[in-house]
Amino acid sequence: MLTLTQALYDRIVAHARKDHPDEACGVVAGPAGTGRPERFIPMLNAARSPTFYEFDSKDLLKLYREMDDRDEEPVIVYHSHTATEAYPSRTDLTYANEPGAHYVLVSTADTDGLGEFQFRSYRIVDGVVTEEEVEVVEAY
42 MLTLTQALYD
52 RIVAHARKDH
62 PDEACGVVAG
72 PAGTGRPERF
82 IPMLNAARSP
92 TFYEFDSKDL
102 LKLYREMDDR
112 DEEPVIVYHS
122 HTATEAYPSR
132 TDLTYANEPG
142 AHYVLVSTAD
152 TDGLGEFQFR
162 SYRIVDGVVT
172 EEEVEVVEAY
């Protein structure tokens, strides 16, 4: 199960909505070994695409060095789908290289504010997708 604060949930959703119609992407880091998401890190979608996301390699290298210096790890890797449900695509599976991370997908397919959006979390290990519950709390 993924447990995250309402503030982090809101920031992920806001980033997804802000970058629409392009896919948004980012990471939420946490203290190594805790599994607790704490530090929200929105990233630039280098592909600038409504159907694909890609972390800039220089930004990603900088992020991993920073997390290493802070004794953090990626707890959540998130991105949005702008026209489809919040379920990992075949491309998403090829990019899922953090077996300990929660992969969060937010669907912004309905952005008129009248419909529901989807916020779903998965574990992806060796190409196997397992959906997990999401618990939103006020604080840890």
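In our numbering, the protein residues as written are 42 to 181.
Just so you know, even glycine gets a beta-carbon here, dropped at the ideal spot from N, CA and C.
Let's see if you can read the secondary structure: which residues bound the beta strand (DSSP E) around residue 84?
Counting along the chain, residue 84 sits inside the beta strand (DSSP E) bounded by residues 80-84.
If we ignore side chains and look at the alpha-carbon of each, how far apart do residue 56 and residue 72 end up?
Taking the straight line from one Cα to the other gives about 23 Å.
CB-CB length for residue 119 against residue 66, believed under 8 Å
Rounded to whole angstroms, the Cβ separation of residue 119 and residue 66 is 7 Å, and the two are in contact under 8 Å.
Reduced DSSP category for residue 136 - H, G, I as helix; E, B as strand; rest coil:
Under the three-state reduction of DSSP output, residue 136 falls in the helix class.
When 49, 50 and 74 are compared against residue 141, the one with the closest alpha-carbon
Ranking 49, 50 and 74 by Cα distance to residue 141 puts 74 first.
What does DSSP give as the partner residue(s) for residue 148 in the beta ladder?
Looking at the DSSP assignment, residue 148 forms a beta bridge with 122 and 159.
Can you tell me which of 137, 129 and 76 puts its alpha carbon nearest to the alpha carbon of residue 112?
Among 137, 129 and 76, the Cα nearest to that of residue 112 belongs to 76.
What did DSSP end up calling residue 61 once you bin it into helix, strand or coil?
The three-state secondary structure of residue 61, taken from DSSP, is coil.
With residue 68 and residue 115 assumed to form a contact (beta carbons below 8 Å), what rounded beta-carbon distance in angstroms separates them?
Contact between residue 68 and residue 115 is confirmed by a C-beta separation of about 5 Å, below the 8 Å threshold.
According to DSSP, simplified to helix, strand and coil, what is residue 55?
Here residue 55 sits in helix by DSSP.
Hey, how far is the Cα of residue 182 from the Cα of residue 62?
Nothing about residue 182 can be reported from this structure: the residues present for the chain run from 42 to 181 only.
Residue 144 to residue 109 span [Cα, whole Å]:
In this structure, the straight-line span from the alpha carbon of residue 144 to that of residue 109 is close to 20 Å.
Residue from 135, 129, 103 and 91 with nearest C-alpha to residue 150
Looking at the Cα atoms, 91 is the closest of the given residues.
Nearest-angstrom Cα separation, counted from residue 45 out to residue 166
Going by the C-alpha atoms only, they are around 21 Å apart.
For the alpha helix (DSSP H) containing residue 107, list its first residue and its last residue.
98-110 is the span of the alpha helix (DSSP H), which, as asked, contains residue 107.
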